[in-house]
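Visitor:
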Amino acid sequence: MFKQINHSFAAKLNIYLISSAFLLWGIGFCLFYHYSSRAIEHQAYLKIDESAEKINLKVTRLLRTIEKIPENLSWIIPSYVTHADSIYAITRQVVLNNYEIFGCAIAFEPYYFPDKGYYFAPYSYMSGDSVVTTQIDPKYDYYQKNWYRISKERNVSR
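See below:
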């Protein structure tokens with residue numbers, strides 16, 4: 000049978016045509032695979048970039064919203080709050096009225112309210128569905144914490 004293929008022009012032509020067709024199909028498949036995988040990878044990077052940009056915008060919007068709270072409290076408290084115990088209600092309301100916030104503390108300078116002593120920092124936080132209001136433990140020594148010390152050095156509310 001193979002001798003007949005070697006002598007028959009039609010058989011040789013068929014083998015060459017079929018071989019060429021398979022070769023061209025293989026090359027086409029490889030090219031298609033290469034370019035389609037590059038296109039899919041490019042689309043994936045675009046999608047990731049778009050998702051990251053959306054998340055960045057959401058976080059920025061959230062932070063700007065939260066930054067307004069200390070900015071507003073920084074001028075309200077010195078001007079209008081004369082009783083130390085009213086600070087507990089303020090921290091509680093901040094946590095209750097802002098679903099983005101799960102805790103709020105307002106820390107004061109030593110002896111800001113003389114009757115409250117050296118440390119005075121009311122703290123409210125979410126615990127399940129309710130708000131717990133307490134005083135930060137003096138052992139915490141918030142004067143040495145970065146969030147207090149750096150804000151104090153820069154004269155900025157945080």
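Heads up: the sequence shown runs through residues 0 to 157, numbered per numbering that gives the first Met the number 0. Glycine included, every Cβ here is placed at the ideal spot set by N, Cα and C.
#1: Name, in chain order, the residues that DSSP records as bridge partners for Gln143.
#2: Please report the residue range of the alpha helix (DSSP H) in which Gly102 lies.
#3: Which residues mark the beginning and the end of the beta strand (DSSP E) in which Thr132 is found?
#4: Between Phe101 and Tyr124, which are expected to be in contact by the criterion C-beta below 8 Å, what is the C-beta distance as a whole number of angstroms?
#5: Just mark Ile86 as buried or exposed, buried being the case when its beta carbon has 16 or more other beta carbons within 10 Å.
#6: Can you round the beta-carbon distance between Glu99 and Thr64 to whole angstroms, since I take them to be within the 8 Å contact cut?
#7: Whose CA, out of Ser126, Arg37, Ser19 and Tyr118, lies closest to the CA of Arg91?
#8: Using alpha carbons as the reference points, say which of Cys103, Gln134 and Asp128 lies closest to Tyr118.
#9: Could you give the uninterrupted runs of the beta strand (DSSP E) lying entirely in the stretch 44-127, keeping only those of 3 residues or more?
#10: Three-state secondary structure (DSSP) at Asn154?
Guide: Concretely, from the data shown:
#1: Numbered from its first residue, the sequence shown carries residue 143 at position 144. Answer by DSSP bridge pairing: none, since Gln143 is not bridged.
#2: As a working mapping, residue 102 is identified with position 103 in the sequence shown. From DSSP, Gly102 is part of no alpha helix (DSSP H) but of the beta strand (DSSP E) over Gly102 to Ala104.
#3: For the purposes of this step, residue 132 is identified with residue 133 of the sequence shown, where counting begins at 1. Ser129 to Gln134 is the span of the beta strand (DSSP E), which, as asked, contains Thr132.
#4: Here residue 101 is taken as the residue at index 102 of the sequence shown, counted from 1. Here residue 124 is taken as the residue at index 125 of the sequence shown, counted from 1. Their Cβ separation, rounded to whole angstroms, is 6 Å, which keeps Phe101 and Tyr124 in contact under 8 Å.
#5: Here residue 86 refers to the residue found at position 87 of the sequence shown. Buried: at least 16 other Cβ atoms inside 10 Å.
#6: One-based indexing of the sequence shown puts residue 99 at position 100. One-based indexing of the sequence shown puts residue 64 at position 65. Correct: roughly 6 Å between the Cβ atoms.
#7: If you number the sequence shown from 1, residue 91 lands on position 92. For Arg91, the nearest C-alpha among the options comes from Ser126.
#8: Along the sequence shown, read from residue 1 onward, the residue named residue 118 stands at position 119. It is Gln134.
#9: 102-104 and 121-126
#10: Taking the sequence shown and counting its residues from 1, one reaches residue 154 at position 155. Residue state, collapsed to three classes: coil.
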